[in-house]
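Have a look at the structure below, then the notes.
Number of protein chains: 2
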Amino acid sequence: MIIKILGSGAGGGFPQWNCNGIHSSAVRAGKPGYRPRTQSSLAVSSDGRNWVLLNASPDLRQQIADNPELHPEKTGPLRNSPVKAAVLTNADVDHIVGLINLRERQPFSIYGSDRVLATIKANSIFDVCANDIVPRIALPLDEKIKLTGDGIDLGLTVEAFAVPGKIALFLEKGGEDTNYGSREGDTIGLEITDNKTGRSFFYVPGCAEVDAPLAQKIKGAELIFFDGTLFTDNEMIDQGLMQKTGQRMGHISMSGSDGSLEVFKPLGIKRRIYVHINNSNPALDENSPARKDVEAAGWEVGYDGMEVRL
Amino acid sequence: MIIKILGSGAGGGFPQWNCNGIHSSAVRAGKPGYRPRTQSSLAVSSDGRNWVLLNASPDLRQQIADNPELHPEKTGPLRNSPVKAAVLTNADVDHIVGLINLRERQPFSIYGSDRVLATIKANSIFDVCANDIVPRIALPLDEKIKLTGDGIDLGLTVEAFAVPGKIALFLEKGGEDTNYGSREGDTIGLEITDNKTGRSFFYVPGCAEVDAPLAQKIKGAELIFFDGTLFTDNEMIDQGLMQKTGQRMGHISMSGSDGSLEVFKPLGIKRRIYVHINNSNPALDENSPARKDVEAAGWEVGYDGMEVRL
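Going down the list, the sequences are from chains E and D. If you read the first sequence in the working numbering, its first letter stands for residue -19, the second for the next number, and so on. If you read the second sequence in the working numbering, its first letter stands for residue -19, the second for the next number, and so on.
This is how it looks when you write it as structure tokens:
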């Protein structure tokens, strides 16, 4: 199984278009220790030929151009693509807008929770992915589903499971609801298994908290790509960028007693890679104390183009 | 007035993600005479500091990164952008999806026809551009409107006018209507005037036909950016890419007795630049007979990053 990080940034990418904060400014200026990051997406393949996108970021056209594995096969028909399916973990802009790039009557499958598929259905612009050749397949929670696309068995199995999280920002409801209208299935994690080898990994790019069911689920895993949005819960406020904590945005932090660095310690997960890293996260700076903390704890900071084989 | 081409390609850009045709294959392989093109957008500024987007393509994040004029001002606040407004000429995916990149609570103005604004309103994903700070301003036809954004007079005037065209593909209706549900305002052209100098140019990236009113409108103009989608009406079919003519897609061709090269001859327009160039257009190849025809007729083929001062 081959896994590639297409985009390791959070929503907005790195740098973010309108951000003049210390990290976005530094990467825009080409400061050593910083590298640009497109928005959150992985690609996975069991055979190196047919690929499944895990989330479809607004930068998908650029990501396809930058990754030759995702180019049309040169000896194939006039219209062809190795992208056979996309699995969505929530309805955030950074995870669904890339679908709009996959137009021009190319068959593939879209997998997502009922809640996420309903958002796509409610926005007619996604009809550019023609319904007659791009089936939208509901992912039930806690069930193993074999992935197919364009009539091909992709050799991979996905299991979706609910994780603590929040509804997409643009769908938030006001009023009394302290969770902004979020329900189960608004944010999911995925376990992807290679049918041939039986080896598997987890992908959880958005997660508010590692609660007991999640800890139980991922315990002893071989590999996880996990929510690396923020280093500290208050960093957006401290840097003057936004009046929201990580918890308000539905994201756990790396640091702190209930941060991912700490709570993963007893879980015995062999390889841990942060993705969905926000432009405010000091661990983006390879020379920062935050990055040293992350690496000392045995974590890796994912980057665009990073490849992992399992 | 400074005008920059952010993206000179048509929908899908060049190469197109799933296209294995001769031109997309050639540019992907780096063949001499070909250059990559992002999707259709211009930027214009009267002062070099505040900018107006003419259409917002799905590649906008990459286009902002590639054009330092559009970066936040280094000495400005933590969140700032020189992008103060976007004017939309139709609701095609390649012209509106970029708006989704302009999130993170940045004030700017969106201008479009009633019909285009209705499409944006009907798709909740565009609510990422918060209504309270991103006004959506209806552009009446045949009236001069002064452009403003984020409380700033942008020093430019726009006049929108209907041009022969078609409704966006994803909004097409079936049935008996031979124009697929299109109405006036689905496709518009723009005249942009610099308020200080009084000089102006036209921007018409989608146009099915140069009819008498349009010819009258643009006659004697100093500069036009015009629909360069196809070289011949049948080229998509001839190259095996799609069973649609240019006319079916709402686009005039460059060549032929009713093509733009011919019908512009009596109009006395000083500078003519093709934009919105489709991946099937042989004029994309700098060494092609088609390119020689275009240049011999005094036209230029627009490219990403091209700058024109007026």
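Cβ atoms here follow ideal geometry from the backbone N, Cα and C, with glycine treated the same way. Source: prediction; values computed, not measured.
Reduced DSSP category for residue i - H, G, I as helix; E, B as strand; rest coil
{"i": "glycine 226 of chain E", "result": "helix"}
{"i": "phenylalanine 141 of chain E", "result": "strand"}
{"i": "alanine 118 of chain D", "result": "strand"}
{"i": "phenylalanine 88 of chain E", "result": "coil"}
{"i": "lysine 361 of chain D", "result": "Given that chain D is displayed from residue -19 to residue 290, the structure contains no residue 361 of chain D and the question cannot be resolved."}
{"i": "isoleucine 172 of chain D", "result": "strand"}
{"i": "glutamine 19 of chain D", "result": "strand"}
{"i": "glutamate 275 of chain E", "result": "helix"}
{"i": "arginine 95 of chain E", "result": "helix"}
{"i": "leucine 149 of chain D", "result": "helix"}
{"i": "alanine 110 of chain D", "result": "coil"}
{"i": "serine 180 of chain E", "result": "strand"}
{"i": "serine 4 of chain D", "result": "helix"}
{"i": "isoleucine 232 of chain E", "result": "coil"}
{"i": "leucine 50 of chain E", "result": "helix"}
{"i": "lysine 245 of chain E", "result": "helix"}
{"i": "lysine 250 of chain D", "result": "coil"}
{"i": "leucine 74 of chain D", "result": "Per the sequence shown, the amino acid found at residue 74 of chain D is aspartate instead of leucine. The answer is helix: DSSP assigns aspartate 74 of chain D an H, G or I state."}
{"i": "arginine 289 of chain E", "result": "strand"}
{"i": "aspartate 265 of chain E", "result": "coil"}
{"i": "leucine 194 of chain E", "result": "helix"}
{"i": "aspartate 218 of chain E", "result": "helix"}
Chain-ordered neighbours of residue i on chain D, where CB pairs are closer than 9 angstroms
{"i": "asparagine 30 of chain E", "result": "Per Cβ cutoff of 9 angstroms: no residues; asparagine 30 of chain E is ~14 angstroms from chain D at best."}
{"i": "glycine 1 of chain E", "result": "Leu58, Arg59"}
{"i": "glycine -8 of chain E", "result": "Arg41, Asn81, Arg83, Glu84"}
Cβ-based neighbour list, residue i, same chain, cut-off 7 angstroms, excluding 5 preceding and 5 following
{"i": "glutamine 227 of chain E", "result": "Ala188, Asp213"}
{"i": "serine 20 of chain E", "result": "Gly(-13), Gly(-11), Ala(-10), Asn35, Ser37, Asp74, His75, Pro185, Val255, His256"}
{"i": "glycine 165 of chain D", "result": "Ser93, Asp94, Arg95, Leu121, Ala142"}
{"i": "glutamine 86 of chain D", "result": "Arg59, Ser61"}
{"i": "arginine 83 of chain E", "result": "Val108, Cys109"}
Under 8 angstroms from the C-beta of residue i: neighbouring residues of chain D
{"i": "glycine 220 of chain E", "result": "Leu58"}
{"i": "valine 73 of chain E", "result": "Ile80, Arg83, Ile105, Val108"}
Neighbour list for residue i in chain E, Cβ cutoff strictly below 8 angstroms
{"i": "glutamate 189 of chain D", "result": "Correct list: empty, because the minimum Cβ distance to chain E is about 25 angstroms."}
Partners in chain E for residue i, counting only beta-carbon separations shorter than 9 angstroms
{"i": "valine 77 of chain D", "result": "Pro38, Val77, Ile80, Asn81, Ile105"}
{"i": "serine 5 of chain D", "result": "Pro52, Lys54"}
{"i": "glutamine 42 of chain D", "result": "Thr18, Asp39, Arg41, Gln42"}
Beta-carbon proximity list for residue i, same chain, < 6 angstroms, skipping 5 on both sides
{"i": "glutamine 219 of chain D", "result": "Gly1, Ser260"}
{"i": "aspartate 133 of chain E", "result": "none"}
{"i": "histidine 3 of chain D", "result": "Asn259, Leu264"}
{"i": "glycine 230 of chain D", "result": "Gly145, Lys146, Ala188"}
{"i": "glycine 239 of chain E", "result": "Ser233"}
{"i": "alanine 6 of chain E", "result": "Tyr14"}
{"i": "threonine 177 of chain D", "result": "none"}
{"i": "alanine 270 of chain D", "result": "Phe211, Pro262, Ala263"}
Presumed contact (8 angstroms Cβ cut-off) between residue i and residue j, rounded CB distance
{"i": "aspartate 284 of chain E", "j": "arginine 17 of chain E", "result": "6 angstroms"}
{"i": "isoleucine -18 of chain D", "j": "glutamate 280 of chain D", "result": "With a Cβ gap of about 17 angstroms, isoleucine -18 of chain D and glutamate 280 of chain D do not count as contacting."}
{"i": "phenylalanine 181 of chain D", "j": "leucine 33 of chain D", "result": "Contact doesn't hold; Cβ gap of about 15 angstroms is too wide."}
{"i": "leucine 40 of chain D", "j": "asparagine 81 of chain D", "result": "5 angstroms"}
{"i": "aspartate 273 of chain E", "j": "serine 237 of chain E", "result": "So it is not a contact: roughly 14 angstroms between Cβ atoms."}
{"i": "glycine 282 of chain D", "j": "isoleucine 90 of chain D", "result": "Glycine 282 of chain D to isoleucine 90 of chain D, Cβ: 24 angstroms. No contact."}
{"i": "proline 57 of chain D", "j": "cysteine -1 of chain E", "result": "Not a contact, Cβ separation roughly 10 angstroms."}
{"i": "glycine 13 of chain E", "j": "glutamate 242 of chain E", "result": "Not really, about 25 angstroms apart at Cβ, beyond 8 angstroms."}
{"i": "lysine 54 of chain D", "j": "phenylalanine 88 of chain D", "result": "Incorrect: roughly 20 angstroms between the Cβ atoms, too far for contact."}
{"i": "serine 104 of chain D", "j": "alanine 102 of chain E", "result": "7 angstroms"}
{"i": "phenylalanine 106 of chain E", "j": "leucine 149 of chain E", "result": "That belief does not hold up - the Cβ atoms of phenylalanine 106 of chain E and leucine 149 of chain E are roughly 18 angstroms apart, past 8 angstroms."}
Close-in-space but distant-in-sequence residues of the same chain around residue i (CB under 8 angstroms, 5 per side omitted)
{"i": "aspartate 27 of chain E", "result": "Gly135"}
{"i": "glutamine 42 of chain D", "result": "Thr18"}
{"i": "threonine 225 of chain E", "result": "Asp213, Asn214, Met216, Ile217"}
{"i": "leucine 119 of chain D", "result": "Val67, Tyr91, Gly92, Ser93, Ile125, Val138, Ala140, Ile168"}
Residue i: contacting residues in chain E (beta-carbon distance under 7 angstroms)
{"i": "phenylalanine 150 of chain D", "result": "Ser104, Ile105, Asp107, Val108"}
{"i": "asparagine -2 of chain D", "result": "Pro52, Arg59, Asn60, Ser61, Glu84, Gln86"}
{"i": "arginine 8 of chain D", "result": "His51"}
CB contact check: residue i to chain B, cutoff 8 angstroms
{"i": "glycine 129 of chain D", "result": "Annotation note: the requested chain B is absent from the structure, which comprises protein chains E and D."}
message: Taking 8 angstroms as the cut-off, does the region 247 to 262 of chain E touch the region 194 to 202 of chain E (at least 3 CB pairs, one atom from each stretch)?
response: Taking a contact to require three or more Cβ pairs closer than 8 angstroms, the region 194 to 202 of chain E and the region 247 to 262 of chain E qualify as touching.
Any 3 or more C-beta pairs closer than 8 angstroms across the region 209 to 223 of chain E and the region 254 to 270 of chain E: Yes, the region 209 to 223 of chain E is in contact with the region 254 to 270 of chain E.
query: Looking at C-beta atoms only, is the number of pairs between the region 133 to 148 of chain E and the region 180 to 197 of chain E that lie closer than 8 angstroms three or more?
result: Contact holds: three or more Cβ-Cβ distances are below 8 angstroms.
message: With a threshold of 8 angstroms, are at least 3 pairs of Cβ atoms found where one atom belongs to the region 165 to 176 of chain D and the other to the region 124 to 140 of chain D?
response: A contact between stretches requires three or more CB pairs, one per stretch, nearer than 8 angstroms, and the region 165 to 176 of chain D meets this requirement with the region 124 to 140 of chain D.
message: Does the contact criterion of 3 or more C-beta pairs under 8 angstroms hold for the region 115 to 127 of chain D versus the region 95 to 105 of chain E?
response: The region 115 to 127 of chain D vs the region 95 to 105 of chain E: no contact.
query: Touching or not, the region -7 to 4 of chain E and the region 45 to 52 of chain E, by the rule of three or more beta carbon pairs under 8 angstroms?
result: Fewer than three pairs of CB atoms, one per stretch, sit closer than 8 angstroms, so the region -7 to 4 of chain E makes no contact with the region 45 to 52 of chain E.
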